[in-house]
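Residue numbers (this note's numbering), protein chains in the order written: chain Z, 1 to 373; chain G, 1001 to 1373.
We put the beta carbon where it would ideally sit given N, CA and C, even for glycine.
All of these numbers come straight from a predicted model, not from anything done at the bench.
Single-structure report; data block below.
2 protein chains.
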Amino acid sequence: MMPKDNRTMREIDCSAFLEIDLCALADNYNSISEYVKPSLCAATIKANAYGLGLEAVSKTIYDAGCRSFFVSDLDEGIRLRENLTSPDITIYILNGLMPHSIEYYKKYNLTPVIGSLEELDEYRVFDKQNIYPIAIHFDTGFSRLGFDITLASKISEYKLNISLIMSHIASAEEKLSEMPENQLDQFLQICKIFNNPKSSIANSAALIRNKSFHLDMVRPGISLYGGYENLQSKLQVKPVVKLYAPIIQIKKIKKGATIGYGAIYKATHDKAIALVSIGYADGIPRSLSSSNDEMGGQFYYEGQPTPILGRVSMDIVAIDISDIPYNTINRGNFIEIIGSNQNIDNLSENADTISYEILTRLNSRIRKIYKYA
Amino acid sequence: MMPKDNRTMREIDCSAFLEIDLCALADNYNSISEYVKPSLCAATIKANAYGLGLEAVSKTIYDAGCRSFFVSDLDEGIRLRENLTSPDITIYILNGLMPHSIEYYKKYNLTPVIGSLEELDEYRVFDKQNIYPIAIHFDTGFSRLGFDITLASKISEYKLNISLIMSHIASAEEKLSEMPENQLDQFLQICKIFNNPKSSIANSAALIRNKSFHLDMVRPGISLYGGYENLQSKLQVKPVVKLYAPIIQIKKIKKGATIGYGAIYKATHDKAIALVSIGYADGIPRSLSSSNDEMGGQFYYEGQPTPILGRVSMDIVAIDISDIPYNTINRGNFIEIIGSNQNIDNLSENADTISYEILTRLNSRIRKIYKYA
């Protein structure tokens, strides 16, 4: 069920692991690239490549042909530049330019995504000759980073070295909302004012929503990592991660016994439970907890669901294995948390959050195992 | 407001940081030690010392006199042994003994907290002479790790080298529950059967609840790190962590504009907002998000509350700074997330979770700054 090659006995038996399938990642990059042609496909790899590891992810996507990368801040940009040294990549810093740090952008050849006059003024003082390219970000209704659209004419009159003009969609996954199309319309107006430089507005949800969002460049994040696997049919996205954790104890409990902190779950009849070595310190949301009044999340053992009983605690989750035949499940066996029975979208729905939060919050205590073939 | 010494300009200006006050940590250890005398005070430093860093935390607490440490699993035990090399410390592995890994417990001199016959049988095959000490864990109603109490007589007949007998309290912070006292009674019965070896049942909440829980050893976790700061008066616990993040853009938005993903917050009047460079990828819970129907969390700027507007996103949180005088708040200024205006307990209440989850989920993207004096 799990590949055991290339791992020592101790690594196999002792702790939770996240398996990251770099082939599936490359396949996803290729599928999206193909789907958006002739638009270019960049990659959003901020937040340590959504928790999967900046180094391995960026290398894989580079080898698949990607040459434009979006990270969140200066530190991530420097880390990427130090690890992916090919001179032919462009690294965009989404958070823009921080005060007193402009020399680092130059030193590491990083392209700030500038979205305020303050940043722009600083940049212009620094780069009087317009040598270093920048990206310009317009806020078309998200009320987050980016210039107010009323500033478009003024900024277009500056002699800037603009490598990309961009905006970001607030709710591209909401099929009934008209806001994404309104944002796109506004953005296209701005592009005209700038005499149509290279433009980009689509994240994963927007690139799936409609081809009109593709423009010159799309910049998917979550779909590269296997998100939206079930949510659309236009584009095949493969699962990239599996998460497993070992059973550290199996026990029988009597009807009426309570399980875990706060004693919020009381057994309705005699049960067999397994204690799994993973918890909220590893990134398993406490919102997967269950009580007698409220269903929680579930894990899987060889295809069978094993519901979570009581509260998820720091290092341990208790699951119900009463329906699994005695002696077919043992201490040391691994339980599927994310895998072929439960993808990141299913798990995040049960946790009342989004796949992005699940991935980015998986803690460093979980071993990462990269699968190369 | 924040100590700026020993940091480079880039470090000051660019990214969120967690300041960990090691003096306060040592003071908390000393206060608890004093409070529980003549009981011994161990330290629970699992989950990377609740996210604060195993190395710095264990060294500080060792220097304050601690000689017994509890970690969660074998990997944490090895890491602690490699970093805190003094031969006079005992390292307990709470998750017990994993299959096929017993040689590592011996090699690194780690004491497994054994809670099942399976583990015990393996250990006895390995250590026929009862040379290596173990801890024995009884489940007194938590339905988590530990032997069923009915096994006490049987186990007491084995010739074991028991360094500690322990149990764990399910809901010691619930003042009206009688369960903690029932668990203690059961545990004391078991201790008698074992002819009173060294015993321990109290976590932070139990050691505050009543001195009868102190027994031979207490093993606080969260109270060392500043949790329960406001919840009790018997014991002075100092705050240990501060969390700050920088403003990357300030902007004005018009009445009716929506903020962030899903557009769940619409401005009720013209507002000034600041975009703060921290998000759920860093460990800020999405449950702090606000909408027009639901209050969210808040951060602070120089003592003034700045409510979160809309959804917490991966790398950015928008806050309302309309009440802060214009020109007294700027891009590059730092916003307090945890500090003198909002401690970890306040923040976690607003996020509908517990301080433990907040601390353990702060991501590695946040710089840790240790304050030594």
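(request) Can you give me, in chain order, the residues of the stretch 1040-1071 of chain G that have a beta carbon less than 9 Å from any beta carbon in chain Z? (result) Cβ contacts with chain Z: K1046, A1047, N1048, Y1050, G1051.
(request) Could you list which residues in chain Z have their beta carbon closer than 9 Å to that of F1142/G, in chain order? (result) Ordered by position in chain Z, the residues that pass the 9 Å Cβ test against F1142/G are T258, I259, G260, Y261, A263.
(message) Can you pull the chain G neighbours of G283/Z, defined as C-beta to C-beta under 8 Å?
(response) Neighbourhood of G283/Z in chain G, by CB distance below 8 Å: R1361, in chain order.
(message) Measuring alpha carbon to alpha carbon, tell me which residue in Y1035/G, Y1105/G, A1049/G is nearest V1241/G.
(response) Taking only the C-alpha atoms, the option nearest V1241/G is A1049/G.
(message) Please confirm whether Y370/Z has its beta-carbon closer than 7 Å to some beta-carbon of chain G.
(response) So no, Y370/Z is outside the interface.
(message) Taking 7 Å as the threshold (beta carbon to beta carbon), is D1320/G in contact with chain Z?
(response) Chain Z places no beta carbon closer than 7 Å to that of D1320/G, leaving this residue out of the contacts.
(message) So, at 7 Å on beta carbons, what are the nonlocal neighbours of G1221/G in its own chain, with the 5 sequence-adjacent residues on each side left out?
(response) Excluding positions up to five away in sequence, the list reads T1044, Y1050, N1203, S1204.
(message) 7 Å is my cut-off, CB to CB: does E1118/G come that close to chain Z?
(response) True, the Cβ-Cβ gap to chain Z drops below 7 Å.
(message) Threshold first: 3 residues or longer. Then list the beta strand (DSSP E) segments lying entirely within the stretch 1057-1112 of chain G, N to C.
(response) Within the stretch 1057-1112 of chain G, the complete beta strand (DSSP E) runs of at least 3 residues fall at 1068-1071, 1090-1093.
(request) Inspect the beta-carbon positions of Y1108/G and R1081/G and report whether they are closer than 7 Å. (result) Inclusion of Y1108/G and R1081/G in the CB contact set at 7 Å is warranted, their separation being smaller than that value.
(request) Jot down the residue ranges of each uninterrupted beta strand (DSSP E) in the stretch 279-346 of chain Z, minimum 3 residues, whole runs only, in chain order. (result) As far as the stretch 279-346 of chain Z is concerned, its whole beta strand (DSSP E) runs of at least 3 residues are 298-301, 304-307, 317-320, 334-338.
(request) Could you confirm whether any beta carbon from chain A is found closer than 7 Å to the beta carbon of R286/Z? (result) Of the chains in the structure shown, none is chain A; the protein chains are Z and G.
(message) Let me confirm a value: S1364/G is counted as buried when at least 16 other C-beta atoms fall within 10 Å, else exposed. Which label applies?
(response) That one is exposed.
(request) Using a cut-off of 8 Å between C-beta atoms, extract the partners of G1096/G located in chain Z. (result) Contacts between G1096/G and chain Z, judged by CB atoms closer than 8 Å, involve I248, Q249 in chain order.
(request) Compute the Euclidean distance between the alpha carbons of L362/Z and L52/Z, then round it to the nearest angstrom. (result) So the alpha carbons of these two residues sit roughly 9 Å apart.
(request) Answer yes or no: does any C-beta atom of chain Z fall closer than 7 Å to that of T1353/G? (result) For T1353/G, the answer is yes, since a Cβ of chain Z falls inside 7 Å of its Cβ.
(message) Any beta carbon of chain G sitting closer than 7 Å to that of R331/Z?
(response) Closer than 7 Å: yes.
(request) Using three-state DSSP, classify P1246/G as helix, strand or coil. (result) Here P1246/G sits in strand by DSSP.
(request) Assign T353/Z to one of three DSSP states: helix, strand, or coil. (result) T353/Z: coil per DSSP, three-state reduction.
(request) Find the residues of chain G that neighbour M314/Z, judging by a C-beta separation of less than 9 Å, and give them in chain order. (result) Neighbours of M314/Z on chain G, chain order: K1046, A1047, Y1050, S1072, G1221, Y1356, E1357, T1360.
(request) Can you pull the chain Z residues whose beta carbon is under 7 Å from the beta carbon of A1206/G, in chain order? (result) Annotation: A1206/G has no Cβ neighbours in chain Z at a cutoff of 7 Å; minimum Cβ distance is about 12 Å.
(message) Buried or exposed, going by whether 16 or more other CB atoms sit within 10 Å of the CB of A1351/G?
(response) That one is buried.
(message) Is there a C-beta anywhere in chain G that falls below 7 Å from the one on I253/Z?
(response) Chain G contact via Cβ: present.
(request) Consider the Cβ of Y1280/G: report whether some Cβ of chain Z lies at a distance smaller than 7 Å. (result) It does; some Cβ of chain Z falls within 7 Å.
(message) Starting from I1136/G, trace the beta strand (DSSP E) in both directions and tell me its first and last residue.
(response) DSSP places I1136/G inside the beta strand (DSSP E), whose first and last residues are 1134-1139.
(request) Report the residues of the stretch 1154-1171 of chain G with a CB closer than 8 Å to any CB of chain Z, ordered along the chain. (result) Of all residues in the stretch 1154-1171 of chain G, only A1170, S1171 place a beta-carbon less than 8 Å from a beta-carbon of chain Z.
(request) State buried or exposed for S233/Z, treating a residue as buried only when at least 16 other CB atoms are found within 10 Å of its CB. (result) With fewer than 16 other Cβ atoms within 10 Å, it is exposed.
(request) Please decide whether S1364/G counts as near chain Z, where near means a Cβ-Cβ distance under 7 Å. (result) Chain Z has a Cβ within less than 7 Å of the Cβ of S1364/G.
(request) Assign K192/Z to buried or exposed, taking buried as 16 or more other Cβ atoms, counted over all protein chains shown, within 10 Å of its Cβ. (result) That one is exposed.
(request) Excluding the 5 residues preceding and the 5 following C66/Z in the sequence, name in chain order all residues of the same chain whose CB lies nearer than 7 Å to its CB. (result) Taken in chain order, the residues that qualify are Y29, C41, A42, A43.
(message) Helix, strand or coil, according to DSSP, for S116/Z in the structure here?
(response) Correct three-state label for S116/Z: coil.
(message) In whole angstroms, give me the CA-to-CA distance for K1266/G and A1047/G.
(response) For K1266/G and A1047/G, the distance between alpha carbons rounds to 39 Å.
(message) Give the list of continuous alpha helix (DSSP H) stretches no shorter than 4 residues that lie fully inside the stretch 1181-1269 of chain G.
(response) Listed in chain order, they are 1204-1209.
(request) Taking C-beta pairs closer than 7 Å, name the residues in chain G that G115/Z reaches, listed in chain order. (result) Under the 7 Å cutoff, chain G gives Q1249.
(request) Give the single residue among Q1342/G, F1017/G, G1283/G whose Cα lies nearest to the Cα of P1307/G. (result) For the residues Q1342/G, F1017/G, G1283/G, the minimum Cα distance to P1307/G belongs to Q1342/G.
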